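Residue numbers (the working numbering): 29 to 108.
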């Protein structure tokens, strides 16, 4: 699902209140037409507690290539 800002802010508040990480699959970021894409990691307080998964298959018609990436806080990514 693609969430709008109010829902993302609720998730952010829960993550901060309970000291949680959020894994955000943002594969559809380039093909959202109803509203703007907002990355969970861009919200205040979420940069150091968000791991983002993305890829190229949906937005760039590269379905057979299976190329993707994972990004997040440096201290977390060193364990991936």
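Backbone N, C-alpha and C define an ideal beta-carbon position, used for all residues, glycine too. Because the structure is a prediction, the values reported are computed rather than measured.
The DSSP-derived three-state label of residue 71 is coil. When C-beta atoms of the region 44-51 are compared with those of the region 59-67, fewer than three pairs fall below 8 Å, so the two segments do not count as touching.
DSSP lists 81 as the beta-bridge partner residues of residue 53.
For residue 104, the uninterrupted alpha helix (DSSP H) run begins and ends at 102-105, by DSSP. The DSSP-derived three-state label of residue 48 is coil.
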